[in-house]
Every structure is written in structure tokens, then in C-alpha cells.
Amino acid sequence: LKREEESLDNIKQYYVLCGDQEAKYNSIANIYGGITVGQAIIFCHTKKTASWLAGKMTRDGHSVALLSGELTVEQRIAVLDRFRQGVEKVLITTNVLSRGIDVEAVTIVVN
Numbered sequence: 001l002k003r004e005e006e007s008l009d010n011i012k013q014y015y016v017l018c019g020d021q022e023a024k025y026n027s028i029a030n031i032y033g034g035i036t037v038g039q040a041i042i043f044c045h046t047k048k049t050a051s052w053l054a055g056k057m058t059r060d061g062h063s064v065a066l067l068s069g070e071l072t073v074e075q076r077i078a079v080l081d082r083f084r085q086g087v088e089k090v091l092i093t094t095n096v097l098s099r100g101i102d103v104e105a106v107t108i109v110v111n
């Protein structure tokens, strides 16, 4: 890694190899079973995957917000405002949010 790509000392990074979508979901579920998560941001490769994950997590009782390029600017702002206020504990998004977001309560980011 280049120096500017290195992580900060207080940030821990883990890599989990998953075979398929269900295995990825189970890995995320295991994180929630093993540590205390304030808020989380989960990045998905496609809108379809983000929508699938949001639905599955919602059905499993998680408070989830979905942010994708299909939303208008006003809708995106509303979703981010609710997430910042803690209304939803998980923000699932695509690369529409790749420029960054700063939410103090976020304790885990999944790529």
C-alpha cells in the first residue's frame, strides 16, 4: 500500500472470504452477534445487491436505510439525515456514497 492508502492505527481491518451472497450475509450477521455495533455502513457493488441486503436485514429485525442512485437528491439527503440522527442503525449503499460520509456513531464499515 502507498502511504496515503494505509489505515490509521486505531482502525482495524479484516478480510473475510465468502463464497456467495448467503455466506456474505451470514458473515455480517456474525459480526452483529459478536460485537456491539453503534451504526454501520455497508457498501454493495450493485443496486440489486443493496436492495436484497436491505430487505433481508429488515426482515431479520435490523433498522436499515437504503441509499442508491435511484433516489432523488432530496431523498438521499433525507436518508442521510435519518441515519445521522440514529433513526436507522445500518446504512446500505452503493458507490453513490463513495466520496465519503462522516457519522461519529459509525463503528463498522463493510465493503
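Read in the UniProt record's numbering, the sequence shown has 1 at position 1, and its numbers run on one by one without any break. Built from N, CA and C at the ideal position, the CB exists for glycine as well.
As computed with DSSP, V106 is found in a beta bridge with Q39. Judged by beta-carbon spacing, G34 lies beyond the 8 Å limit of T107, meaning their Cβ atoms are not closer than that value. For I92, the secondary structure class from DSSP, reduced to helix, strand or coil, is strand. Taking C-beta atoms as the reference points, I28 and V109 fail to come closer than 8 Å. Shown here, V64 sits in a strand according to DSSP, grouped into three states. In the three-state reduction of the DSSP assignment, Y25 falls in the helix class. Counting along the chain, K56 sits inside the alpha helix (DSSP H) bounded by residues K47 to R59. The C-alpha of I31 is placed about 17 Å away from the C-alpha of D20. The residue from I101, E88, D60 and E74 with its alpha-carbon nearest to that of L66 is E88. In the three-state scheme derived from DSSP, where H, G and I count as helix and E and B as strand, N111 is classed as coil.
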